[in-house]
Amino acid sequence: MVGFDTKLAAVVGDKTAKALANTLDLHTVGDLMRHYPRRYVQRGELTELSSLREDELVTVVAMVKSVSKRSMKNRRGSILEAVVTDGTGELTLTFFNQAWRERDLRPERIGLFAGKVGTFRHQRQLAHPEYEMFPEDAGDIREAAEKYADEIIPVYPASVKVPSWLIAKTVDVVLQQLGDPPDPLPSDVLRKRHLPGLAEALHAVHRPRAIEKAWAAQRRLRFEEAFVLQTELARRRLSTAALPAKPRRATSGGLVDALDERLPFELTEGQRQVGERLAAELDTPHPMHRLLQGEVGAGKTVVALRAMLAVVDAGGQAALLAPTEVLAQQHHRSLTALLGPLAQGGMLGGAEQGTRVALLTGSMSTAQRKTALNEIVTGDAGIVVGTHALLEENVQFFDLGLVVVDEQHRFGVEQRAALAAKSRDGTRPHVLVMTATPIPRTVAMTVFGDLEISTLSDVPRGRADVATHVVPVDEKPHFLDRAWQRVREEVEAGHRVYVVCPRIGDDGGTGGEEEPPSADDDKRRSVAVVELAEYLRSGPLAGVGLEVLHGRLPSETKDAVMAAFAAGTTPVVVATTVIEVGIDVPTASMMVIMDADRFGVSQLHQLRGRIGRSSIPGVCLLVTEAPPGTPARERLDAVAGTRDGFRLSQVDLEQRREGDVLGAAQSGRRSSLKLLRVIRDVEIIEQAREDASAVVEADPDLADHPALLDAVQAALAEQEADYLDKA
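Take the sequence shown: its letter number 214 is residue 214 in the UniProt record's numbering, and every next letter is one higher.
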């Protein structure tokens, strides 16, 4: 008998094992057993050729009557056609660029053929059918055919060198020798949820006797995936709750109250409720660990600022970690503006109880950096805003009490831990994670499962509506001309306009800012910032102040461009997605997104959130060459159809592969999830969370559950757990 750790070469031979390893990254028996079928083919009853109907899925037994091969007329390649008969009628089998099949389909050979019936030139045909040819000594061909037709055939994720049928044969060999593998699911959980054991599930998922058995096995395996994830998340929550932290209670009449008096708007009910929750958790001896998510423009920054000021009131410091310098600078400007004299502690004209807001980025001059580091280590700066530069060893805090992480999916576990480790006296700072990408509750439970979750759903009063329209340039090229005219009109009205491109263009690169094209994108070059800016300056927007903004510009240049844009000196900015989050220019009323189909749904929603941030109505134009009916066009239609970020995020998740949701794409690794889908499997995830939490509470070290511990450690050993902190 073989176990999960057994090398495949010891079971199926070196040649097959090497092919599986090189093309599908399958090395052990466990790897192969976890390589599940992606679908099943039920061949159904045998059908006589005389009774075939178009669009019907059929399986027929027939004899090859003739075979012919011809070249395609309009492109390179060949077509192989085989005419088969069963005595009641004839059927054509068509294969494109697969001339090698002529070796199998020889005249007078009998086989079984399965596929969907189509019609071409008034003749019934099967295009690229599955087939199995019977040997000359097959005996009772009808009996063999009926057995074949009744079989449930698994179809595996495969490759050209390792087709599905070879994987199926290899699985058969392994299943015959497989022992009883250790089951990660505790026996009481199996009984409670009426689930089969692991060995039974593996046999049923790979070789189901009935399709219902396959579905039951898949459900058990999906539950197992969710359970292993939720076990690790429960352990993290328990570990965090046991860490010491210094309670941080806001002072009555302190900075929080002073800010509330200064705010030019009234807090929403949601902001007040979340603020009260944060204040209560900051005043505990264990670190807060909370995710704050919400709609674009819902006011997360103000909520975070009030939490930071509460910590400063209590004598501590707060750090705001931003993913880009542009966003860090924007946060620094907006926080300073909101605080006014409250951000000028110890300075002429500053408020008596005021503090300072320090900025630390990698591109600062030596003098600027020295000043910032001094304000941080002495505690003069109660709030510190920065990029990854905050993580460097020489950055020392006086008393770090709260870490606010903006756009958490841009940071890994290690980076958050590095900043949290900068607290003093062996205590841990409280942590507030913000994301401007609304995600459904079940996704949040899976992706941010080690954090408690707060959601802001209402938008502050006084925000104008933003109308979004798709501009299909292939179908209606004059629409783009009208778009540039509309840009001029907005500028003449004193407003600001963003033009967003997926590529920088000075050297053909993206600067790491372009969304990877989806599977339905074509191979054409996308619109670039530099090239489009030159065209607009000399053409449609000649005479209009226009500048470019992207991630490869020097920090001072980016800062100057945004300052000129906000002031109106340069009313149009042609930019990459560097303006995606955090940029707040109230007079920005219009956005033109070029090659909008190159961006994901959530990213488009983020970009659109940069306009309509005041009482000025906004308009967002999604320029695309994607044809109607394609997935890319459907994404754009969805964005144009609603401003509900939670609804759009669900559309995004349903169209994207699951690895993206769980961070595998960001980390460059394959997702550990094979069958679980966070949108579809809501009930399974909730049940797994409940059961895993109970197991961890009773046995935090999993001493009584060695198979479960092995499953968790295997995922962590491959560094797959990065997805736990990413969206």
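Heads up, the beta-carbon is just placed ideally off N, CA and C, and yes, glycines get one too.
query                                                                                                                                                                            : result
What are the start and end residues of each continuous alpha helix (DSSP H) run of 4 or more residues lying completely inside the segment 231-301, in chain order?               : 255-262, 269-282
What does the Cβ neighbour count give for residue 629, buried or exposed, with the cut at 16 atoms within 10 Å?                                                                  : exposed
Is the segment 208-225 touching the segment 237-256 in the sense that three or more CB pairs, one from each, lie closer than 8 angstroms?                                        : no
Which residues does DSSP list as the beta-bridge partners of residue 356?                                                                                                        : 344, 381
Ignore the nearest five residues each way along the sequence and tell me which others in residue 13's own chain have a CB closer than 7 angstroms to its CB.                     : none
Starting from the N-terminal side, write out each stretch of the alpha helix (DSSP H) that is 4 residues or longer and does not extend beyond the segment 551-594.               : 555-567
Taking the alpha helix (DSSP H) that residue 14 falls in, what are its first and last residues?                                                                                  : 14-24
Suppose you measure from the CA of residue 197 to the CA of residue 651; what does that come to, to the nearest Å?                                                               : 35 angstroms
Are the beta-carbon atoms of residue 608 and residue 466 separated by less than 8 angstroms?                                                                                     : yes
Can you tell me whether residue 680 is helix, strand or coil according to DSSP?                                                                                                  : coil
What residue range does the beta strand (DSSP E) around residue 498 cover?                                                                                                       : 496-500
Out of curiosity, what's the CA-to-CA distance linking residue 643 and residue 457?                                                                                              : 12 angstroms
What would DSSP say about residue 520, mapped onto helix, strand or coil?                                                                                                        : Legend: pLDDT at residue 520 = 40, less than 50; position of this residue unreliable, value from coordinates given subsequently. In this structure, residue 520 counts as coil in the three-state DSSP scheme.
From residue 488 to residue 557, what distance separates their C-alpha atoms?                                                                                                    : 25 angstroms
Less than 7 angstroms between C-beta atoms, sequence neighbours within five positions excluded: which residues of the same chain meet that for residue 270?                      : 456, 457, 458
Counting C-beta neighbours from all protein chains within 10 Å, is the total for residue 18 16 or more, i.e. buried, or is it exposed?                                           : exposed
I'd like to know if the segment 110-118 and the segment 54-65 are in contact, where contact means that at least 3 CB-CB pairs between them fall below 8 angstroms.               : yes
Rounded to the nearest angstrom, how far is the Cβ of residue 615 from that of residue 464, given a contact under 8 angstroms?                                                   : 5 angstroms
Would you mind working out which of 302, 224, 289, 223 sits nearest residue 260, comparing C-alpha positions?                                                                    : 302
For residue 27, which three-state DSSP category applies?                                                                                                                         : coil
Just to confirm, is the Cβ distance from residue 501 to residue 574 under 8 angstroms?                                                                                           : yes
Do residue 382 and residue 248 have their beta-carbon atoms positioned less than 8 angstroms apart in this structure?                                                            : no
What are the residues that DSSP puts in a beta bridge with residue 472?                                                                                                          : 624
Taking Cβ positions, are residue 469 and residue 640 nearer each other than 8 angstroms?                                                                                         : yes
Our contact map puts residue 594 next to residue 532 with C-beta atoms below 8 angstroms; I'd like the distance itself, whole angstroms only.                                    : 7 angstroms
Does residue 406 come out as helix, strand or coil in the three-state DSSP assignment?                                                                                           : strand
From residue 294 to residue 453, what distance separates their C-alpha atoms?                                                                                                    : 10 angstroms
Determine the direct distance from the alpha carbon of residue 598 to that of residue 516, and round the result to whole angstroms.                                              : Bear in mind that a pLDDT of 36 at residue 516, under 50, signals an unreliable position, so the model cannot answer this.
Which residue or residues does DSSP assign as beta-bridge partners of residue 674?                                                                                               : According to DSSP, residue 674 bridges with nothing at all.
If you reduce the DSSP assignment to three classes, tell me which class residue 611 lands in.                                                                                    : coil
Does the distance from the CB of residue 318 to the CB of residue 326 come in under 8 angstroms?                                                                                 : no
Just reading off the alpha helix (DSSP H) that residue 736 is part of, what are its end residues?                                                                                : Past the edges of the chain, shown from 1 to 727, lies residue 736, and the structure says nothing about it.
For residue 2 versus residue 179, is the C-beta spacing smaller than 8 angstroms?                                                                                                : yes
Quick one, are the C-beta atoms of residue 49 and residue 90 less than 8 angstroms apart?                                                                                        : yes
Drop a sphere of 10 angstroms on the beta-carbon of residue 538, count the other beta-carbons inside from all chains shown, and report buried for 16 or more, exposed for fewer. : exposed
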